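In my numbering, the protein residues as written are 10 to 139. Backbone N, C-alpha and C define an ideal beta-carbon position, used for all residues, glycine too. Please read all numbers here as calculations on a predicted model, not as lab measurements.
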């Protein structure tokens with residue numbers, strides 16, 4: 010049994026003990042995941058550079074809590090939708106390895122042309138058509 014399975018069993022048992030499944034349709038769970046991700050982002054919003062580093066150090070536990078909340082929803086969504094996250098991860102990473110090949114010089118600035126920023130984004134396809 011992998012770590013995802015162990016964590017998912019705990020989450021599902023937690024939910025069952027509280028009778029919350031009736032509130033957990035796919036839409037509601039997707040919204041829950043987005044809300045928790047937004048709460049994570051909110052903790053670092055408006056900070057940059059040394060201020061951001063300081064903020065992360067000061068709010069490490071709060072950041073961890075929000076990441077766990079996001080993971081909670083990811084695991085619960087995968088469980089309820091019948092998605093094997095470990096298998097899905099392996100499949101997706103292989104797609105990404107093709108879509109984003111390594112750079113010959115990893116320190117070079119990334120551009121759409123060399124497999125970096127912007128490659129594969131819908132906005133790039135829209136602007137290339139014009």
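Note that the C-beta distance between residue 13 and residue 85 is not below 8 angstroms. According to the DSSP assignment, residue 29 belongs to no alpha helix (DSSP H), since it is labelled neither H nor E.
Each residue's CA atom was taken as its position, placing residue 108 and residue 101 some 10 angstroms apart. Nearest Cα to residue 88 within the set 28, 38, 26 and 27: 38.
Restricting attention to alpha helix (DSSP H) runs no shorter than 4 residues, the segment 44-88 encloses them at 58-67, ordered along the chain. Collapsing the DSSP output to three states places residue 35 in a helix. Here the alpha carbon of residue 105 sits roughly 14 angstroms from the alpha carbon of residue 112.
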